[in-house]
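Heads up: the sequence shown begins at 234 in the working numbering, then just goes up one per residue.
Down below is the structure, laid out as structure tokens.
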Amino acid sequence: MIHHRKCVGSVAILAAVLTLSACNQSVEGQAGQQPKPEITFHPCDGLPPDAIRAVGLDVRPPERDDTDVPSARGCGYLSNNPNYGITIAARAETFEDIESSDRFNVLRETQIGGRSALVSDFRGGSACTVSVAIEPGILEFMIGYSELEEFTTVEAACDQATKVATSLAPYFPDHL
């Protein structure tokens with residue numbers, strides 16, 4: 234039952250991240266908005282399985298988002314120790330997009346692997362996101378939290394998301 238709940242939570246977070254990215258797509262002909270750049274890096278393919286395994290994530294085929302949205306590519310992984318799901322997504326978002334969005338409450342700025350990063354609470358109290366700046370967007374690490382999850386507070390989820398991002402930093406691409 235715990236594995237099933239964890240899997241459902243991971244799928245829900247992956248779907249939310251990518252759906253929200255799709256909602257930010259500009260509409261053709263809309264004045265003042267530039268189209269989002271295309272993201273070619275896919276976390277499912279771009280992060281080595283040995284590195285994924287080293288951070289305690291299950292390397293079996295991850296839950297993958299191969300939608301037609303060219304501004305977001307996502308990958309959902311599970312961990313068994315501790316039990317949690319994480320979504321790693323390459324998104325055509327900027328720090329300014331995150332800071333000005335009512336979807337995020339930015340908790341702090343930091344550095345991960347020599348790159349600027351934002352640690353945020355996804356509004357509504359459901360997930361922590363660690364967003365690492367990589368041109369032309371961000372590589373985002375999202376872990377959910379709730380009374381029913383392994384991580385019950387935003388601080389605990391953010392600590393784990395930051396640990397995973399820091400461990401994978403040597404494998405970050407130069408360009409998304």
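Quick reminder that beta carbons are idealized off the backbone N, C-alpha and C, glycines included.
Since this is a predicted model, take the numbers as computed values, not measurements.
Since I367 and A325 should fall inside the 8 angstroms C-beta cutoff, what is the C-beta to C-beta distance between them, to a whole number of angstroms? Position 134 of the sequence shown holds residue 367. Position 92 of the sequence shown holds residue 325. Actually they are not in contact, since the Cβ atoms of I367 and A325 sit about 11 angstroms apart, beyond 8 angstroms.
Using 8 angstroms as the cut-off, can you tell me whether the segment 306 to 320 makes contact with the segment 273 to 284, which would need three or more C-beta pairs spanning the two stretches below that distance? yes
Buried or exposed (CB count within 10 angstroms, at least 16 for buried), S259: Here residue 259 refers to the residue found at position 26 when the sequence shown is read from its first residue. Because S259 carries a pLDDT of 41, less than 50, the predicted location of this residue cannot be relied on, and the following value inherits that uncertainty. With fewer than 16 other Cβ atoms within 10 Å, it is exposed.
Tell me the rounded alpha-carbon separation between P369 and R286. Within the sequence shown, the letter at position 136 stands for residue 369. Within the sequence shown, the letter at position 53 stands for residue 286. For P369 and R286, the distance between alpha carbons rounds to 27 angstroms.
Whose C-alpha, out of L351, H275, M375, is nearest the C-alpha of V365? Start at 1 with the first residue of the sequence shown, and residue 365 comes out as number 132. Nearest option by C-alpha distance: L351.
Among residues of its own chain, excluding the 5 on either side of N314, which ones have a beta-carbon nearer than 8 angstroms to its beta-carbon? Translated into the one-based positions of the sequence shown, residue 314 becomes position 81. Leaving aside the five residues that flank N314 on each side, the residues in its chain whose CB is nearer than 8 angstroms to its CB run, in chain order, G289.
Measure the beta-carbon distance from P403 to G346 and round it to whole angstroms, keeping in mind my assumption that it falls under 8 angstroms. If you number the sequence shown from 1, residue 403 lands on position 170. If you number the sequence shown from 1, residue 346 lands on position 113. P403 to G346, Cβ: 7 angstroms. Contact.
Can you look up F374 in the DSSP assignment and give me helix, strand or coil? Residue mapping note: residue 374 aligns to position 141 of the sequence shown, counting from 1. Of the three classes helix, strand and coil, the one that applies to F374 here is strand, per DSSP.
Those residues which DSSP pairs with G318 across a bridge: Numbered from its first residue, the sequence shown carries residue 318 at position 85. Residue pairing for G318: DSSP places it in a beta bridge opposite L311.
So A224 packs on V363, CB below 8 angstroms; how close in whole Å? The first residue shown for the chain is 234 and the last is 409, placing residue 224 beyond what the model contains.
Quick one: using the 10 Å Cβ neighbour count with 16 as the cut-off for buried, is V397 buried or exposed? Position 164 of the sequence shown, counting from 1, holds the residue named residue 397. Classification of V397: buried, given that the 10 Å Cβ count is 16 or more.
Use the C-beta contact count for P294: other C-beta atoms within 10 angstroms, 16 or more gives buried, fewer gives exposed. One-based indexing of the sequence shown puts residue 294 at position 61. Exposed, since its Cβ has fewer than 16 Cβ neighbours within 10 Å.
In terms of DSSP beta bridges, what is A362 paired with? Within the sequence shown, numbered from 1, the residue matching residue 362 stands at position 129. The question names Ala, but residue 362 in the sequence shown is Thr. Answer by DSSP bridge pairing, in chain order: S353, M375.
Throw me the rounded Cβ distance for the A360 and A390 pair, which I believe falls under 8 angstroms. Along the sequence shown, read from residue 1 onward, the residue named residue 360 stands at position 127. Along the sequence shown, read from residue 1 onward, the residue named residue 390 stands at position 157. Their Cβ separation, rounded to whole angstroms, is 7 angstroms, which keeps A360 and A390 in contact under 8 angstroms.
Opposite Q344 in the DSSP bridges: which residues? Counting from one through the sequence shown, the residue named residue 344 turns up at place 111. According to DSSP, Q344 bridges with S349.
Tell me, please, which residues DSSP counts as bridged to E296. By 1-based counting over the sequence shown, the position of residue 296 is 63. In the DSSP output, where bridge partners are listed per residue, E296 has G309.
Short Cβ contact (8 angstroms threshold) for Y317 with E383: Here residue 317 corresponds to residue number 84 of the sequence shown, with the count starting at 1. Here residue 383 corresponds to residue number 150 of the sequence shown, with the count starting at 1. A contact, by the Cβ cut-off of 8 angstroms.
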